[in-house]
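Below is one structure, written out as structure tokens; the observations come after it.
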Amino acid sequence: PPPQGQQQSPPQQQPRQEDGAGSTGFGAVLWSVLDDCFGDGDSAEPATVCLKSKALTALDRALGKPAVTVADGVTLTARAGKSLAVDPQADRADHAALDAAPDADSKNALLDDMLANRMDRLMSTRTIVLDGAGQEGERRID
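Taking UniProt numbering, I'd label the letters of the sequence shown as residues 1 to 142.
The structure is reproduced here in structure tokens:
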């Protein structure tokens, strides 16, 4: 007990980390993106532009990899015979167009087109691979 006249302070609680919110999990990545786009109220860039820019970066990284794990047991794997080569000149042109956009609405429209293009490229060069190893279906008892 504390000396007379002093109150005992409550024990400090550590914040809980849930659902992979550790230093490298999906939760940490998501929190970092949200904090970058919404945490700084002084940013001249609207949150939608920030979020779309982050999504574009993620898609560009995914396009450069032969396999991308989407979730436990779900992977996007490069299709045989499909080129994974990224055209650096086209990417530079995209980023130059973004930098030259006169306002947030124009930047949003450009980002929408770029995101659709990248998603199309990702899905046309990948196959979804489901790995059910270690997962058994429930047995039905009649």
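In this text, a Cβ means the ideal position worked out from N, Cα and C, and glycines have one as well.
task = Scan the stretch 88-112 and note each continuous alpha helix (DSSP H) run of 4 residues or more that stays entirely inside, going in chain order.
result = The stretch 88-112 contains these whole alpha helix (DSSP H) runs: 88-100.
task = Pull up the distance between the alpha-carbon of L63 and that of V86, whole angstroms please.
result = Taking the straight line joining both Cα atoms gives about 7 Å.
Candidates S124, L30, L130, of which the one nearest G81 by Cα = Of the candidates S124, L30, L130, the one whose C-alpha sits nearest the C-alpha of G81 is S124.
ask   = Do you know how far the Cα of D131 is from the Cα of L115?
value = Straight-line Cα distance between these residues: approximately 28 Å.
ask   = Does the Cβ of D99 have 16 or more other Cβ atoms within 10 Å, making it buried, or fewer, making it exposed?
value = Exposed, since its Cβ has fewer than 16 Cβ neighbours within 10 Å.
task = Could you have a look at V70 and say whether DSSP puts it in helix, strand or coil?
result = Looking at V70 - three-state DSSP - the assignment turns out to be strand.
query = Who does R126 pair with in a DSSP beta bridge?
reply = Answer by DSSP bridge pairing, in chain order: A78.
ask   = By the 10 Å Cβ neighbour count, where 16 or more other Cβ atoms means buried, how is K52 classified, buried or exposed?
value = Flag for K52 reads buried.
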